[in-house]
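See below for the structure under consideration.
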Amino acid sequence: MENAQKSAVMESIFLEQLPCIEKIVGFVSRKHGLPSVDADDFASIVKMKLIENDYAILRKFRGESSLPTFLAVVIAGFFRDYRVQRWGRWRPSALARSYGAAAIQLETLLFRDGYSSTEAIQLLTTMGQLSLTEKELRAIIAKLPRRELLRPVEVSSDALAAGSEETPQVELVDPANVEERTRVEAALNEAVDELSAQDRVLLKMKFWEDMTVADMSRTAGLPQKQLYRRLERIAETMKTRLRRAGVSSEDVRELIAH
Amino acid sequence: MPDTTGPNGGSEVLSQRLSAERIAALIDARVSDEERDAIMRQLGESDEALDVMLDAAAAVAYMNQSGVSPDRSDEDIIPLSLVTKRRTRWRAVTFVGISAALAATALVMVRSSRARNAEAVGTPGEMVAALTDQSALPADWNYNPWNAQRGDPSIRDSALYVRIGVRAVDVELAARAGDTAISRLASDMDVLLERVPGGSAASVFYRRVAEDPNGAELLPQARRALQTLSMADLIALGAWLETARIAASRHDEKWFNLAVSQRMLRRISEIGDSSPAEKAATGEILRDRSTWDSVATSVGVLLRRW
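Protein sequence lines, in the order shown, are assigned to chains W and X. Per the working numbering, residue 9 is the first one in the first sequence, and the count goes up by one each step. Per the working numbering, residue 63 is the first one in the second sequence, and the count goes up by one each step.
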């Protein structure tokens, strides 16, 4: 096929898939709590990358999956690159993941972006993506492990003069709580690492991503019945390991609560 | 430009061993048992790759639930690289599907091209190509000949489409003339396109034109993306008005006598809510054309409305 004709075909495929691309980008941006300015920036980068080198990415697609799924993987990969480029090797903690989307977004706002806890809660409640109350969000913050801020936070001169500006980790400076959460995070990471590679994937699919057993069954290639049993076994193993590491029963229940 | 895109789908996160397509095949359950076990093992050893898979799987589940994703039949698998030997039955089906898709695409392109010629709607590129003098616009050219300026809340959506047509002509002429103003004009297009529904694809191309020194090479794609927008009539109107303004400034009698110009003028004269001044301006261009100054003034009257 002539190059010009190939380019025209690629271009028409790109345009045809554009609504799907935008949906995936929107989903990934929301999932990771990107502010709208960053989400727009990310959307532009995705489109640029897809058309780069005469649609090289689309041309390399061999048809081993559906095109929307391939695009979803490609865009998820772009998001990782974007995140590293913007914020370095930032990843949500295992604890935040265990507590779900709200915890991930809170942790990100607090420790990656340097917001105070009040600002982070305000942002999440005004964005309207979460149905949790301020009290519930504060309870989640209290459960997050202490992390170093990714970069220095700019503080206004007015705030410096007033000397009372709330700092990002205001609720997290209770030393006993900080120590406890750090210990739970370490125990959780250790317990996950001790699982077999496949069990780690299944655990994260179920307990971190809330994937349905039906979707998991398709991806993992395991019959649903068998998958249920395996998930139960993984949950029991995790509970035993966490308890052995001295994690409180309440924390264990919350972490493996699905 | 060298193609550095590997099997990782352009992402630096995924490794050569675990390509984007293998992960996608896993999510779609299109791998053998052995392959699945191998991929799952690799995912379990790479947090980054696992994160990518989990995000993608969640996105796919979301699209399936919301009915966004096209039906996952083999027909939507496009044969973008035919170099791989097809070993399984579904891959053979894919090949047939791809050939059919290519043939269908080519047919649609030929048909739409014929339709374009038959209707001679006049794209910005075609209108500029018909100008006798295709040199760059003078430095003192008024690029914003309308009353309401950008940011003014009184600008209607229809005005945006007309302005897109106007600016598309400016970009086309700058490209033909090798005018460095193309960067600023294409950037302006990018901003305008971002404000209309479905304009983001075209805006991406124009942004590249604006930012990349060799960006003008992307103009053919930009033109095609522009044609996918709704309100094509308004874009064509804007393109015609701007080209008419340029033609009037260059005393281009031949351009005004083109069938496409005459047809557009008749369409303009049929617009119901034209003011008396606009009707008079249309008549001047369509019939009288007493002096080039009066033609330029009349085009200006029609353009200011937007």
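A virtual CB, placed ideally from N, CA and C, is assigned to each residue, including glycine.
Presumed contact (8 Å Cβ cut-off) between residue i and residue j, rounded CB distance
i: Q234/W; j: G106/X; result: So it is not a contact: roughly 18 Å between Cβ atoms.
i: Q371/X; j: L80/X; result: Nothing can be reported for residue 371/X, as the shown portion of chain X is limited to 63 through 368.
i: A7/W; j: I32/W; result: Residue numbering for chain W in the displayed model covers 9 to 266; residue 7/W lies beyond these limits and cannot be assessed.
i: Y90/W; j: I65/W; result: No, Y90/W and I65/W are not in contact; Cβ-Cβ is about 15 Å, not under 8 Å.
i: I330/X; j: L364/X; result: 7 Å
i: D117/X; j: F87/W; result: 7 Å
i: I8/W; j: Y107/W; result: Since the first residue of chain W shown is 9 and the last is 266, residue 8/W is not available in this structure.
i: L254/X; j: R270/X; result: Going by Cβ atoms, the distance from L254/X to R270/X rounds to 16 Å, so no, they are not a contact pair.
As assigned by DSSP and simplified to three states, the class of residue i
i: L66/W; result: helix
i: E279/X; result: helix
i: D241/X; result: coil
i: K147/X; result: Because K147/X carries a pLDDT of 29, less than 50, the predicted location of this residue cannot be relied on, and the following value inherits that uncertainty. If DSSP states are grouped into helix, strand and coil, K147/X belongs with coil.
i: M293/X; result: coil
i: V17/W; result: helix
i: T227/W; result: helix
i: Y236/W; result: helix
i: V255/W; result: coil
i: L211/W; result: helix
i: P186/X; result: helix
i: V93/X; result: coil
i: Y223/X; result: helix
i: S360/X; result: helix
i: V92/W; result: helix
i: V228/X; result: helix
i: D48/W; result: helix
i: W208/X; result: coil
i: M258/X; result: Before going on, a small fix: residue 258/X reads as Val here, not Met. Coil at V258/X, not helix or strand.
i: L199/X; result: coil
i: R349/X; result: helix
i: Q177/W; result: Caution is warranted here: a pLDDT of 47 is assigned to Q177/W, below 50, making its placement in the model unreliable, and no coordinate value can be reported.
i: M56/W; result: helix
i: D355/X; result: helix
Test: residue i CB closer than 7 Å to a CB of chain W
i: D117/X; result: yes
i: Y268/X; result: no
i: S360/X; result: no
i: I85/X; result: yes
i: E107/X; result: yes
i: T185/X; result: no
i: V172/X; result: Here V172/X scores only 34 on pLDDT, less than 50, and its place in the model should not be relied on; the value that follows carries that caveat. With 7 Å as the cut-off, V172/X does not count as an interface residue toward chain W.
i: D90/X; result: yes
i: Y205/X; result: no
i: A248/X; result: no
i: E110/X; result: yes
i: S161/X; result: At S161/X, the pLDDT of 36 sits below 50, so the modelled position is not reliable and the matter cannot be decided from this model.
i: V258/X; result: no
i: R103/X; result: yes
beta-carbon residue i near the ligand NAD non-hydrogen atom, thresh 6 Å
i: V258/X; result: The model on display carries no ligand, and the ligand NAD is accordingly not part of it.
Rounded C-alpha distance that separates residue i from residue j
i: S101/W; j: A51/W; result: 25 Å
i: H313/X; j: T344/X; result: 17 Å
i: L140/W; j: R238/W; result: 32 Å
i: E72/W; j: S20/W; result: 20 Å
i: I242/W; j: D274/X; result: 52 Å
i: D250/X; j: D241/X; result: 15 Å
i: L288/X; j: G261/X; result: 8 Å
i: A162/X; j: V36/W; result: At A162/X the pLDDT is 40, less than 50, meaning the model places this residue with poor confidence; the figure from the coordinates comes in the next sentence. Cα-Cα distance, rounded: 33 Å.
i: E96/X; j: R120/W; result: 40 Å
i: Y223/X; j: R38/W; result: 30 Å
i: I129/W; j: L112/X; result: 29 Å
i: A182/X; j: D355/X; result: Note that A182/X scores 46 on pLDDT, short of 50, meaning its location in the model is unreliable; the coordinates nonetheless yield the value given after this. Rounded to whole angstroms, A182/X to D355/X spans 28 Å at the Cα level.
i: R246/X; j: D201/W; result: 54 Å
i: L303/X; j: V361/X; result: 7 Å
i: S336/X; j: R367/X; result: 9 Å
i: E24/W; j: T353/X; result: 48 Å
i: Q93/W; j: Q232/W; result: 39 Å
i: I347/X; j: R225/X; result: 20 Å
i: A123/X; j: P76/W; result: 11 Å
i: G41/W; j: S125/W; result: 15 Å
i: S369/X; j: Q196/X; result: Residue 369/X falls outside the range modelled here, since chain X spans only 63 to 368, and no answer is possible.
i: E332/X; j: L280/X; result: 36 Å
i: V170/X; j: N126/X; result: For V170/X, the predicted model reports a pLDDT of 37, less than 50, meaning its position is unreliable and no value from the coordinates is stated.
Short CB-CB distance (under 7 Å) between residue i and chain X
i: R208/W; result: yes
i: F119/W; result: no
i: I32/W; result: yes
i: S74/W; result: yes
i: V81/W; result: yes
i: E217/W; result: yes
i: G108/W; result: no
i: E202/W; result: no
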